[in-house]
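Enquirer:
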Amino acid sequence: EFRAFELLRSGLDRSKYLLVKEAKIIAMTCTHAALKRHDLVDLGFKYDNILMEEAAQILEIETFIPLLLQNPEDGFSRLKRWIMIGDHHQLPPVIKNMAFQKYSNMEQSLFTRFVRLGVPTVDLDAQGRARASLCNLYNWRYKSLGNLPHVQLLPEFRTANAGLLYDCQLINVDDFNGIGESEPNPYFYQNLAEAEYAVALFMYMRLLGYPANRISILTTYNGQKHLIRDIINQRCGNNPVIGQPSKVTTVDRFQGQQNDYIILSLVRTKAVGHLRDVRRLVVAMSRARLGLYIFARVSLFQNCFELTPAFNQLTARPLRLHILPNESFPTQRMNGEMPPYPAQVIKNMPEMAMFVYDMYLHMMRTSQQYQYRQ
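Quick look at the structure:
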């Protein structure tokens with residue numbers, strides 16, 4: 001009996017055999033396809049269908065190369081079906097060369113080109129990621145975007161966020177020691193008050209019992225990302241009670257991902273900056289499933305015309321953080337239901353930092369007393 005797989009000695013040969021002869025579904029990035037195209041063609045790689053995810057964030061050439069990973073048969077390509085899934089209302093491919101980006105329109109993806117040229121599309125008109133209240137922050141950008149039934153029915157969507165009065169809130173952050181945004185290096189924007197406030201909220205949620213892997217901290221600038229990471233490493237890094245959030249990264253890097261609870265820092269206090277691009281706003285507002293908490297200089301962003309549809313909704317709620325420290329995660333309170341006791345209003349970042357510090361010390365004393373009694 002001939003068994004081809006057993007005659008192949010190296011793992012590389014076996015993986016190539018499985019790739020060409022046995023695999024029914026093969027996943028790879030467009031970049032990998034471009035780098036390995038010559039090798040795949042030499043192996044006799046064959047496929048009938050291509051499915052591209054996040055197609056609106058891929059360069060035109062990167063979209064085209066995966067179509068050419070096999071030699072034609074009798075002068076015809078074997079490829080029968082090509083499906084692109086993407087959202088041209090979100091961020092385009094990243095082009096660092098400004099001349100190529102602006103004058104060659106290189107940041108336009110092939111997906112966006114097809115949409116712009118009027119190629120027929122299948123539009124998905126219902127989302128299943130976020131609460132309906134969170135979806136309202138960005139559904140104005142889409143044509144008749146609704147919600148799938150489970151968003152209204154599943155308990156996780158119907159239950160309130162423990163310890164927090166609102167499921168989404170815009171929190172105004174004033175200058176700290178007379179300083180708002182800072183720029184230690186060109187275009188390296190930071191905002192210490194927002195960074196400290198965001199980390200304090202993360203610590204508060206962890207003390208209530210929220211799992212760390214369900215919380216991500218996002219920001220619109222790399223400088224702020226590094227500042228938040230430094231603060232987390234100092235405040236929470238070696239503390240097993242708090243730990244690290246799932247991700248601390250920029251909005252641009254987090255496109256295509258999601259988490260249950262998002263803490264967002266908008267950083268700027270002097271000019272709106274690149275958040276004026278509505279596509280970036282859509283990405284920022286659509287990452288959260290159950291809770292979104294935004295720290296920003298409200299007076300700056302609410303006067304930006306491009307951001308008005310989202311910020312009109314956010315500013316309809318109080319601009320100071322409302323917390324319910326007597327609740328613990330998970331709560332039985334329904335979303336939108338008022339608690340039987342008044343919420344505590346946090347006026348500013350120093351007050352939140354001191355409150356979390358006192359809450360942590362109280363929890364440690366209670367834990368030590370309990371262990372002592374045992």
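Taking full-length UniProt numbering, I'd label the letters of the sequence shown as residues 1 to 374. Beta carbons: idealized from backbone N, C-alpha and C, even for Gly. As the structure is a computational prediction, the values presented were derived from the model and not from experiment.
1. Tell me the start and end of each unbroken beta strand (DSSP E) in the region 126-203 that is at least 3 residues and wholly inside, in chain order.
2. DSSP on Gly291, reduced to helix/strand/coil?
3. So residue 382 packs on Pro92, CB below 8 angstroms; how close in whole Å?
4. Using only CA atoms, which one of Ala212, Gly209, Tyr210, Ile217 lies nearest to Ala195?
5. Roughly how many angstroms lie between the CA atoms of Gln80 and Asp48, to the nearest whole one?
6. Which residues mark the beginning and the end of the beta strand (DSSP E) in which Ile215 is found?
7. Among Tyr103, Leu361, Thr31, whose alpha-carbon lies nearest the alpha-carbon of Leu239?
8. If I measure Cβ to Cβ from Phe64 and keep anything under 8 angstroms in the same chain, skipping five residues before and after, which residues do I get?
9. Suppose you measure from the CA of Asp167 to the CA of Gln258; what does that come to, to the nearest Å?
10. Comparing C-alpha positions only, which one of Val41, Lys247, Phe76 sits nearest to Pro66?
11. Find out if the Cβ-Cβ distance for the pair Leu290, Asn161 is shorter than 8 angstroms.
12. Taking the alpha carbon of Lys247 as the point to measure from, which residue in Pro325, Tyr261, Val241, Gln234 has its own alpha carbon closest?
13. Look at the alpha carbon of Phe254 and the alpha carbon of Leu314, and state the distance between them as a whole number of angstroms.
14. Can you give me the start and stop residues for the alpha helix (DSSP H) that Tyr210 sits inside?
15. Helix, strand or coil for Glu62, going by three-state DSSP, please let me know.
16. Any idea what DSSP makes of Glu1, helix, strand or coil?
17. What does DSSP give as the partner residue(s) for Tyr261 in the beta ladder?
18. If contacts are defined as beta-carbon pairs under 8 angstroms, then Ala56 and His88 qualify, I think. What distance do you get, rounded to the angstrom?
19. From what residue to what residue does the alpha helix (DSSP H) around Thr249 run?
20. DSSP puts Met334 in a beta bridge; with which residues?
21. Hey, Val283 and Arg141 are a contact pair by Cβ (cut 8 angstroms); roughly how many whole angstroms apart?
22. Alpha carbon to alpha carbon, how far is Asn335 from Tyr187?
Expert: With the structure as the only source:
1. 168-172, 181-185, 188-191
2. Within the sequence shown, numbered from 1, the residue matching residue 291 stands at position 291. Of the three classes helix, strand and coil, the one that applies to Gly291 here is strand, per DSSP.
3. Any answer about residue 382 is impossible in this case: the structure gives the chain only from 1 up to 374.
4. Sequence index remark: in the sequence shown, residue 195 carries index 195 (1-based). If we check each option's Cα against that of Ala195, Ile217 comes out closest.
5. Along the sequence shown, read from residue 1 onward, the residue named residue 80 stands at position 80. Along the sequence shown, read from residue 1 onward, the residue named residue 48 stands at position 48. The question names Gln, but residue 80 is Lys in the sequence shown. Rounded to the nearest angstrom, the two C-alpha atoms are 5 angstroms apart.
6. Residue 215 sits at position 215 when you count from the first residue of the sequence shown. Ile215 -> beta strand (DSSP E) spans 215-219.
7. On the sequence shown, position 239 is the one that residue 239 refers to. It is Asn, not Leu, that sits at residue 239 in the sequence shown. Answer by Cα proximity: Leu361.
8. Position 64 of the sequence shown, counted from the first residue, corresponds to residue 64. Hits under 8 angstroms: Leu110.
9. As a working note, residue 167 is residue 167 in the sequence shown. As a working note, residue 258 is residue 258 in the sequence shown. Straight-line Cα distance between these residues: approximately 16 angstroms.
10. Sequence index remark: in the sequence shown, residue 66 carries index 66 (1-based). Residue Val41 is the option with its Cα nearest to Pro66.
11. Mapped onto the sequence shown, residue 290 falls at position 290. Mapped onto the sequence shown, residue 161 falls at position 161. Taking 8 angstroms as the Cβ cut-off, Leu290 and Asn161 qualify as a contacting pair.
12. Here residue 247 refers to the residue found at position 247 of the sequence shown. Of the candidates Pro325, Tyr261, Val241, Gln234, the one whose C-alpha sits nearest the C-alpha of Lys247 is Tyr261.
13. The count along the sequence shown starts at 1 and reaches residue 254 at position 254. The count along the sequence shown starts at 1 and reaches residue 314 at position 314. Cα to Cα, Phe254 sits roughly 22 angstroms from Leu314.
14. As a position in the sequence shown, residue 210 is number 210, starting the count at 1. That residue, Tyr210, is in no alpha helix (DSSP H); it is neither H nor E in DSSP.
15. Here residue 62 refers to the residue found at position 62 when the sequence shown is read from its first residue. Of the three classes helix, strand and coil, the one that applies to Glu62 here is helix, per DSSP.
16. For this step, residue 1 is matched to residue 1 along the sequence shown. Low local confidence applies: a pLDDT of 48 at Glu1 is under 50, so the model's placement there is unreliable, with the coordinate-based value given in what follows. Coil at Glu1, not helix or strand.
17. Counting from 1 along the sequence shown, the entry for residue 261 is found at position 261. Answer is Ile215, Gly291.
18. Position 56 of the sequence shown, counted from the first residue, corresponds to residue 56. Position 88 of the sequence shown, counted from the first residue, corresponds to residue 88. With a Cβ gap of about 5 angstroms, Ala56 and His88 count as contacting.
19. In the sequence shown, the residue the question calls residue 249 occupies position 249. First-last for Thr249: 247-250, but that is the beta strand (DSSP E), not the alpha helix (DSSP H).
20. The residue you call residue 334 lines up with position 334 of the sequence shown. Met334 is bridged to Thr159.
21. Locating residue 283 in the sequence shown gives position 283, counting from the first residue. Locating residue 141 in the sequence shown gives position 141, counting from the first residue. That pair is no contact at about 11 angstroms.
22. For the purposes of this step, residue 335 is taken as the residue at position 335 of the sequence shown. For the purposes of this step, residue 187 is taken as the residue at position 187 of the sequence shown. In a straight line, the C-alpha of Asn335 is about 40 angstroms away from that of Tyr187.
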